[in-house]
Each structure stands twice: as structure tokens, then as C-alpha cells.
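Residue numbers (the numbering used here): 5 to 495.
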């Protein structure tokens, strides 16, 4: 009976994100007809709130960019010598893949080969999906034969399809690879606290000093087993090949991750990240969810009764922006990728449910983290629509009486001024994006790259609000998403 009540309550929590987001938009729409003054007050306050958030974000964004540039210019080969035992640390790097092309995988392996870390301390895992077919296995075999001499160990693990209790995708593949790696590590006799496990998307190219920087932070903190380490993803691999909207979405994600690095109390593992290998003696890598990269953080957070944090590295890794075979497929791929990321709202019921069960985590932490995750997904699904569309609705549908009222007369002026002030954030994004891209294009191309940010409002709606609402409504009605692997194409 208790389990039945828990399942009912968990289902209620799954409904909650979509209910709040849809409820906000529906209520704003209908109140624009019947209580336009109420909506006008709400919109003005919301725009003011968002202006303050933009200012707050921009400062964090600039400071994070400055810190990243400093770390890129740091001589990590010298800095790591502060720790005489740094050569004890091994790096186990997992590259899970499905049907990605050989050129994608090889470029990532080559970046690992060229990294400034002793190769006799680096172990590579190519985690192949059996459902990828013989072509995927052949590519993995070729990579092993070609590059195994360059590393201490080079493993190829084939993840069987249709294992019970799994969702086919990156998480279940990594989970299987970790189990196989444990067997191999046991044979080698390496202490697990001396191994850092990095799970990278297969298109991830590390910058040269990534592992030196990672090792330094790990040793500086005294080899903590209750910490994860997060680089900043920069989508430079194919940035010039991607269409403008794909570049905006990719770079916006980079900026968001930079902002989060400045707010470590809100930072959650994302995409490519690193963890102590000993962590997997305490918990399993998530194999039953789509959003495995964030769920691993929450599983560790509860396993350590709230004493688990992500350490920001302020150091980049380079990845692919979304690109399809043609413009239409790129649009579809971009939407599906954003919807998959927005499916991270599945963590909301998991987090709230486990907060209620765990009595050791302070109440203040529970309230704060619940607000952060709820507000984040709510804003993702609603903010852009409220600012750029619903904010003007009362003027058109609120009636003549409202339009001639003090609020009705001043609403367009106030919202326009607030959004004009907030738009300086767009120009900051444009300037920083120019500083981060490979400088190999003409001045005309760079100017276009800067002014493409004028399309940010439309991009935020079509590749932000809509896929987020899509994901939350699916969760609300129980139409659960499976893992959709983003197509990797380079021209």
C-alpha cells in the first residue's frame, strides 16, 4: 500500500513542472482578456526581474570568461609540480558512441593523444553500442589497432542491446563500460582513489592541458570522493559549418555553463564531465533515464546526504554544434536535442521525492535546491514567451477601457524600455562569442557572427520554450521520451 502511495505521489511530481509552466501561460492568456491590469502589473514586474537577472548573468558571464582565459594561459605543466605525487593519478576516459562516423571518433582520440599528460597514465574506453551494428564495431577495432600503443590501456567494450532495466542510450552504455572497466582495473591493481573517470560525448576534443588542470584541482582538494569536475563546453568543432540558429543555441549553452561555473552551488554535471572512479563503488551510473549526465550528480548528492558538489574547472572542452544533412534536418535535430536536454525536468520528481525521504539533508538545502531546479525549468519553458509575446497581449485584447487607463497607456513604453536595457546582454554575448571562436574567417563573417545575436529572441522561443514545453507536457501526460542521440555531421 505504501509503495502504491509513493508511486501516486511520484506521478504527481512528474505532472507538476508541466502544470506550472502551462498554467502560467494559459492564465496569462485568459487574464489578458478578463483582468488585463493584473497581467500588466505581472508583466512589468517580470520584465524588471528579468532585467536584474540579465545584469546578474552578464557579470558572471564576463568573470567566468576571464577566468577561463586565465586558465588557458596558465602553465599547468609547472603548476602541477606543486604536488609531488601527481604522477600517481590515472585518467580513465570513456567515449560512448552509437553510429557516429570514424572522423568524429578519431578526432576525439587524436585530441587525447596530443594532450599534455603522461600517456602511460591514460586509459581509453571506446564504449560501442551493439545496436550500432558491425560498422561501429569495425571502427572501434580500427581505433584500437591504430592508437592502443599511444596509451597505457585502450579498451573496447560492446554494450549489448535490450538489457533489462535499461533505456537504450548513453547512460546505459556508460554504465556497462564502468562495470567492465572495474574488472580490468582490478587486474591492474591500481587504487581507485588514484583514478579519475571522464565520460565525454564522443565529439569532445579536450584542450591540451585539460587533464593537468583536472589533476591539479583533484589533488588540491585532497583527492575528494564526493566531488565532480566540470569543464566549460565550447562548440567550436564545426562552428563555421553550422547555420546561425545552431550557433546561437550552442553558444548560448556555453554562456549558460560559464554562468553556472560562477555559481558552484547551482552547478550540476553536464555532458562531458569527470568523476572519481571510486564513486562507482557507492552508486551506479544511471542506466534507466535519458538525462544521465545530470542524474549522476543527483544520485551522488543523495548518496552523500547532500555533501556532494561540482567543482568548476573554468577550462574548456570543444564539441560539435548541431548540424544535419541539410537545413531542414538541422532544424529538426536542433529541436530534438533541445527537447532531450529539457527532458532533464524528469529530475524534478526524483529530487523532490528523495528530499522528502532523506532526513539528513538540512531543510534549508532542500528548499533552496528545489526552488533552483523548479524555477530553472519553469523559466526555460515560459520566460521568452512571457517577455516577447504575452507581454503585449493585454494591449490588443484588454479592451478600450484598459488601453486608455494609466497601465494600458504605459505598458508598451515600460516593457520596451526594460527590454531595451536588457538587450545589452545580447551585445555582450556577441562580443564574447567573437573572442571564443577559431579566428580563421573574414572580417565580414565575423561581423555577421556578431549581429546574428539579434535573432536571439526568436531562437529562445523556437529552440527554447517550445521544446521545453514539449518535454514537460510529455512528462505530465506520461508520454515518456527515450534517448535520442544527436546526429554528428561535419562537412
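C-beta: ideal position from N, C-alpha, C; glycine also. Bear in mind that the values here come from a model prediction, so they are computed numbers and not experimental data.
Query, Result
"In the DSSP assignment, find the unbroken beta strand (DSSP E) run with residue 133 in it and report its ends.", "126 to 133"
"Would DSSP call residue 165 helix, strand or coil?", "coil"
"Among residues of its own chain, excluding the 5 on either side of residue 94, which ones have a beta-carbon nearer than 8 Å to its beta-carbon?", "125, 126, 127, 156, 194, 198, 199 and 200"
"Let me know the beta strand (DSSP E) ranges lying completely inside the region 139 to 189, each 3 residues or longer, listed in chain order.", "157 to 163"
"To which residues of the same chain is residue 21 closer than 6 Å at the C-beta, ignoring the five residues directly before and after it?", "349, 352, 381 and 476"
"Please report the straight-line C-alpha distance between residue 293 and residue 347, rounded to a whole angstrom.", "10 Å"
"Roughly how many angstroms lie between the CA atoms of residue 355 and residue 36, to the nearest whole one?", "34 Å"
"Taking C-beta to C-beta, are residue 274 and residue 296 nearer than 8 Å?", "no"
"Taking 8 Å as the threshold (beta carbon to beta carbon), is residue 92 in contact with chain B?", "No chain B appears in the structure shown, which is made up of a single protein chain."
"DSSP has residue 320 in a bridge; who is on the other side?", "236"
"What number of angstroms, rounded off, separates the C-alpha of residue 436 from the C-alpha of residue 428?", "13 Å"
"Report the partner residues of residue 306 according to the DSSP bridge assignment.", "Residue 306 pairs with nothing; no bridge assigned."
"On the three-state DSSP scale, how would you describe residue 280?", "strand"
"DSSP three-state label for residue 314, please.", "strand"
"With DSSP run on the structure shown, which of helix, strand or coil describes residue 272?", "coil"
"Taking Cβ to Cβ, would you say residue 97 is nearer than 8 Å to residue 143?", "no"
"Quick check: the Cα distance between residue 344 and residue 491, rounded to an integer number of angstroms?", "13 Å"
"Below 8 Å on the Cβ atoms is my guess for residue 321 versus residue 235; work out the distance and round it to an integer in Å.", "5 Å"
"Under 7 Å Cβ to Cβ from residue 543, same chain only, skipping five residues before and after it: list those, please.", "With the chain covering 5 to 495 only, the question about residue 543 has no answer from this structure."
"Return yes when the Cβ of residue 134 is within less than 8 Å of the Cβ of residue 164, no when it is not.", "yes"
"Do residue 230 and residue 312 have their beta-carbon atoms positioned less than 8 Å apart in this structure?", "yes"
"Alpha carbon to alpha carbon, how far is residue 178 from residue 206?", "12 Å"
"Might you give, ordered along the chain, the residues of its own chain that have their beta carbon closer than 6 Å to the beta carbon of residue 340, omitting 5 neighbours on each side?", "488"
"Select from 40, 45, 60 and 8 the residue whose C-alpha is nearest the C-alpha of residue 432.", "60"
"State the Cα-Cα distance for the pair residue 468 and residue 189, rounded to the nearest angstrom.", "42 Å"
"Alpha helix (DSSP H) containing residue 471: first to last residue?", "470 to 481"
"Let's see if you can read the secondary structure: which residues bound the beta strand (DSSP E) around residue 203?", "199 to 203"
"Go to residue 99, then tell me how far its beta strand (DSSP E) extends in each direction, as first and last residue.", "94 to 101"
"Please report the Cβ distance between residue 327 and residue 441, rounded to the nearest whole angstrom; I am assuming they are in contact, meaning their Cβ atoms lie under 8 Å.", "With 8 Å as the limit, residue 327 and residue 441 do not qualify as a contact, their Cβ atoms being about 15 Å apart."
"Skipping 5 residues on each side, what residues in its chain have a beta carbon closer than 7 Å to that of residue 387?", "54"
"Would you identify the three-state DSSP class for residue 251, choosing helix, strand or coil?", "helix"
"Confirm, please, whether the CB-CB distance from residue 471 to residue 342 is below 8 Å.", "yes"
"When burial is assigned at 16 or more other CB atoms within 10 Å of the CB, is residue 287 buried or exposed?", "exposed"
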